[in-house]
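Chains as they are written, first to last, in this note's numbering: chain P, 1 to 333; chain X, 1001 to 1541.
Here the structure comes first, spelled out in structure tokens, and everything after it is commentary.
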Amino acid sequence: MASVLTFTDSGIYCPAGNFHIDPWRPVPRALITHGHSDHARPGHTTYLATDAALPVIRRRLGEISADGIPYGERRRIGAATVSFHPAGHVPGSAQIRVEVAGEVWVVSGDYKTEADGLAEPFEPVPCHAFISECTFGLPVFRWQPQPMVMDDIARWWAANAAEGKTSILGAYSFGKAQRLMAGLPALGPILTHGAVEEMTSILRAQGYRLPDTIRVTPEVTAKTHPGAIVIAPPAALGSAWAGRFGPSGEAFASGWMAVRGIRRRRSLGTGFALSDHADWDGLNTAIRATGATRVFVTHGYTAPFRHWLETQGYDAGIVETRFTGDDAEEAEA
Amino acid sequence: MKTFAALFAALDSTTRTGEKTAVLTAYFRTAPEADRVWTIALLTGRRPKRAVNATELRLWAAEVAGIPDWLFEESYAIVGDLAETIALVLPPALGTDSPSLADTITALMRLTGQTADTRRAAVIDAWATLPPVERFLFNKLITGGFRMGVAQGLLTRALAAATGVEEATLAHRLMGSWDPARTRFDDLIGGDAGGDARPYPFALASQLDAPPETLGAPGDWLAEWKWDGIRGQLIHRPGAFALWSRGEELITDRFPEFGPLSDFLPDGTVIDGEIVAWGGTKPLPFAALQKRIGRKTVPKTLLASAPAHFLAYDLLEDAGTDLRAAPLSLRRARLAKVIAALPPGLPLSLSPALTFDSWDTLAATRATARSEEAEGLMLKRATSVYHAGRKRGDWWKWKLDPWSIDAVMLYAQAGHGRRANLFTDFTFGIRDGNELVPFTKAYSGLTDAEFAEITRWVQTHTLERYGPVRKVPADLVFEIAFEGIQESPRHKSGIALRFPRMVRWRRDKGVADIDTIASLRALLRTAPEGPSAPPDLPEDI
């Protein structure tokens, strides 16, 4: 019997349904887990994603032929039945379940197990084989609960404001930025970089509950908005764009900030370890909860994580990807 | 450790020197006395005797974390810091309180010589009870290598601000072999702690990159060889005879040849100079001295084959008077007088001043440095005082241009500290017939952006993994610069380089364009002979 999913040069492929999942080369039919650019690539003939994920995907890819699907709805494609289930990574993100002749495989996409109050919370999906990301698949990555990290960020923001400094927080434009604005207490105005505001307005229009934000324009300064926090893409940190705010505290919110050397390399004094990916315990819990006996790992520390799963009794393999986990240090994490 | 942990967190959360100085100054005003002394000790590279070794530490950590040893090692390779790796893999730190820094260190020192069970129990208990930052710092106290982003100058500036004692005076008072466990803060700051053998802070030179003409009139400068040895400070005071390395290590006993100098040098003499292995009229290649570094006792054969000699270039104290504020020309004259008064046959001589009437003449002299066993020239302004540390403008090192060769990357390994999770340590190969022979490693010389790009390339082009080492296709070519080359039976290529580093990534070249072992061997014939030197020795000037 053929495998439910196979791994090709274009990405993960389902022979029974003749479709790909998050392919990186143009294909006739692509099922997309979420809108980050290493998963939603341009050039496919047709797209299928959750209704919640589509607005961002459309904005990023322009004119595409795309179909939306609600979470949990089963759809027949060829000899396969597919459904999308919350992955908790960013708003609209999904794991994709594929069933062929009674055998169930699940592609996790990116996921995190902690509910962040914004993205649809992760749900374990029972399966025979699970394809799991493992961006942070080493035991040094263990996240603090979100409320503790938000408290730390709020303290930093308040301390900056007390010293007359603007707080500039680096965060990926889609997902992390909105998670932060939704999770932080209302200590002052929230200013946004254009790239962040674009994603924020899309999500706000979809009905996600987000606080008021002010897009940074030439007239927006530290004088007009004292005590503000500015949420901007990481690349804006230390840039001329950030310089307009005068005295400021800069920080970066990312899982990578858990490692001091990585933080220091960015010449950033302050980093907050807040990730939209599962940590070590999250990965292990999620994998166990699927009941799968076969696990394929992708994105990240795949070699040691696969070895670890084998010692835990799993039949484990690696799915090569064009996007490595460490790339995510520069992309989203 | 609460106050110390707060200090660490504050220093670690800023990259601004002004903020660091302010934080450190406040700490030195308010922290408990014993903690202040230990903090100075740690920031100046002094540390408590190691009570637990690194192997034990990682085994216990893996055990408490419930992970296999190999997974701990994989994690360490990514984090790049042992103390931090341990702090991260352990179950969450739940403690809220901790003993003071001094008490923590005292308790650690008491563990020395205890049974493994006792030490293990004490360490595991500390891990379970300390708050997160303190747990990391506790590990750091054991593993050593405290880098808190505080340079010596910043430390003395903060201490000066906190105590009102002038910076240069403080820098001198912090030198020497004071024991943090037995030293009172006031004695240290007041200058009563360093003992009779306390050295002066070494004056350091900057690299001359501009043409020497930019320095002005040649007559204003003293030129001498830049010796390729170990920088040292020789001290003879009543009741004290000591030889210090530039790293403030007391190395008197490693060079017994200098013992007789204590009978002949006048009391109250401090000389700055270079320790070299002596060939009778000029130094032996550095490799000869290399064999003596790290040896606490020296066998007779080595004393005969690599006799130590002190090439003196400055006089810091004469007849008990601190001469450092006097101009170099005067210090040199006095130094010549002191040396002239010595009986012949002692292993001490004046590092000669090179005569020159124009920069062109001097450049010609510099070109012959290799045959003099020198790395180039030192240029010192005749009117200059003896600075504490590196003050740009008065002392320059004008080194020979390095040799260079094009080689291909064969293996890559992730770095440590701020290079964690970044491939920065490369092994290079050179062509030998149809084969590529690994011949050197290099770690430095590229920009952060280049390292990041190479890291992504390594991740997507790994052929094989050997633990933390990745084998990669022989595609990326780099120009490798180095200062010296020697035969080495220990290396596969039969060759060892001195100070190899990458000078540029040759994107324009492929593996077909790299140099051959024959071209390297040709350099060997022009180089002085000698056995191998490890590639990564720190520079002493």
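All C-beta atoms, glycine included, are put in the ideal place defined by N, C-alpha and C.
Inter-stretch contact (C-beta, 8 Å, three-pair minimum) for the segment 1395-1406 of chain X and the segment 1251-1271 of chain X: With the cut-off at 8 Å, the segment 1395-1406 of chain X and the segment 1251-1271 of chain X do not touch.
Three-state class that DSSP yields for X/Lys1441 in the structure shown: Secondary structure of X/Lys1441 (DSSP, three-state): strand.
8 Å Cβ cut-off: residues of chain P touching X/Arg1419: Residues of chain P passing the Cβ test: Gly261 and Arg265.
Nearest-angstrom Cα separation, counted from P/Leu48 out to P/Arg306: Those two C-alpha atoms are separated by around 30 Å.
Bridge-paired residues (DSSP) for X/Leu1315: In DSSP, X/Leu1315 forms a bridge with X/Ile1271.
P/Glu332 in three-state terms, based on DSSP: The predicted position of P/Glu332 is uncertain, since its pLDDT is 48 and thus under 50; a value taken from the coordinates is nonetheless stated next. Residue state, collapsed to three classes: coil.
Runs of beta strand (DSSP E) lying entirely within the segment 1423-1479 of chain X, each at least 3 residues, in chain order: Fully enclosed beta strand (DSSP E) runs of 3 or longer: 1423-1432, 1435-1442, 1464-1466 and 1469-1471.
Contact with chain P by X/Ser1075, beta-carbon distance below 8 Å: Residue-level contact check: X/Ser1075 touches chain P, since one or more beta carbons of chain P fall below 8 Å from its beta carbon.
CB of X/Leu1328 within 8 Å of CB of X/Ala1369, strictly: Cβ atoms of X/Leu1328 and X/Ala1369: not closer than 8 Å.
Neighbouring residues, chain P, relative to X/Thr1574 (Cβ below 7 Å): Look at the range of chain X in this structure, 1001 to 1541, and you will see that residue 1574 of chain X is not part of it.
Residues from the segment 303-321 of chain P in contact with chain X, defined by Cβ distance under 7 Å: For the segment 303-321 of chain P, which is checked against every Cβ of chain X, the residues closer than 7 Å are Ala303, Pro304, Trp308 and Thr311.
C-beta neighbour in chain X for P/Thr8, strict 8 Å: For P/Thr8, no Cβ of chain X is located within less than 8 Å of the residue's own Cβ.
At least three beta-carbon pairs within less than 8 Å, the segment 272-286 of chain P to the segment 198-210 of chain P: Under the Cβ criterion (8 Å, minimum of three pairs), the segment 272-286 of chain P does not count as touching the segment 198-210 of chain P.
Environment of P/Asp327 [buried if 16+ CB atoms lie within 10 Å]: Legend: pLDDT at P/Asp327 = 40, less than 50; position of this residue unreliable, value from coordinates given subsequently. Burial call: buried.
Touch test, the segment 1439-1451 of chain X against the segment 1046-1065 of chain X, Cβ-Cβ under 8 Å, three pairs minimum: Judged by Cβ distances under 8 Å, the segment 1439-1451 of chain X makes no contact with the segment 1046-1065 of chain X, as fewer than three pairs qualify.
Nearest neighbour of X/Thr1208, chosen from X/Thr1361, X/Lys1226 and X/Ala1009 [CA to CA]: This sequence places Leu at residue 1208 of chain X; Thr is not what is there. That would be X/Lys1226, whose Cα lies nearest to the Cα of X/Leu1208.
Chain P contacts from the segment 1421-1433 of chain X (Cβ-Cβ distance under 9 Å): Answer set for the segment 1421-1433 of chain X: Asn1421 and Leu1422.
Rounded separation between P/His193 and X/Leu1071 - CA only: Rounded to the nearest angstrom, the two C-alpha atoms are 40 Å apart.
Other residues of its chain near X/Asp1432: CB distance less than 6 Å, five sequence neighbours each side excluded: Cβ neighbours of X/Asp1432 beyond the five flanking positions: Ile1517.
Amino acids of chain P, ordered along the chain, whose beta-carbon sits closer than 9 Å to that of X/Ile1124: Within chain P, no residue comes near X/Ile1124; the closest Cβ sits about 17 Å away, beyond 9 Å.
Cβ pair count under 8 Å reaching 3, the segment 1194-1208 of chain X against the segment 1267-1275 of chain X: Inter-segment contact for the segment 1194-1208 of chain X and the segment 1267-1275 of chain X is present: three or more beta-carbon pairs are separated by less than 8 Å.
Runs of alpha helix (DSSP H) lying entirely within the segment 1276-1330 of chain X, each at least 4 residues, in chain order: Runs found: 1286-1290 and 1300-1305.
X/Phe1428 vs X/Ile1480 beta-carbon contact at 8 Å: A contact, by the Cβ cut-off of 8 Å.
Chain-ordered neighbours of P/Ala258 on chain X, where CB pairs are closer than 8 Å: Here the neighbours are Leu1088.
The ligand MN heavy atom lying under 7 Å from the CB of X/Ile1078: Although the ligand MN was asked about, the structure shown includes no ligands whatsoever.
Separation of P/Pro42 from P/Arg58, as counted between CA atoms: In a straight line, the C-alpha of P/Arg58 is about 10 Å away from that of P/Pro42.
Any chain P beta carbon closer than 8 Å to X/Arg1465: At a cut-off of 8 Å, the C-beta of X/Arg1465 has a neighbouring C-beta in chain P.
Neighbouring residues, chain P, relative to X/Ser1206 (Cβ below 7 Å): Chain P residues near X/Ser1206: none, gap ~24 Å exceeds 7 Å.
Per-residue contacts from P/Thr285 into chain X (C-beta, under 8 Å): In chain order: nothing, as chain X lies at least about 15 Å away.
Cβ pair P/Ala94, P/Ala53 closer than 8 Å: Remark: C-beta atoms of P/Ala94 and P/Ala53 approach each other more closely than 8 Å.
Boundaries (first-last residue) of the beta strand (DSSP E) holding X/Phe1004: Following the DSSP letters along the chain, one finds X/Phe1004 in no beta strand (DSSP E) but inside the alpha helix (DSSP H) bounded by residues Lys1002 to Asp1012.
Chain-ordered neighbours of P/Thr135 on chain X, where CB pairs are closer than 9 Å: Under the 9 Å cutoff, chain X gives no residues; its nearest Cβ is about 12 Å from P/Thr135.
Element boundaries [beta strand (DSSP E), containing P/Pro86]: For P/Pro86, the uninterrupted beta strand (DSSP E) segment begins and ends at Ala80 to Pro86.
Local Cβ density within 10 Å of P/Gly175, reported as buried at 16 or more and exposed below that: Buried is the call here.
Proximity below 8 Å, CB of P/Trp105 to CB of P/Val4: Against a cut-off of 8 Å, the Cβ pair of P/Val4 and P/Trp105 comes out as a contact.
Contact belief for X/Arg1548 with X/Glu1167 at Cβ below 8 Å, rounded distance in angstroms: This structure gives no information on residue 1548 of chain X, because the portion of chain X shown stretches from 1001 to 1541.
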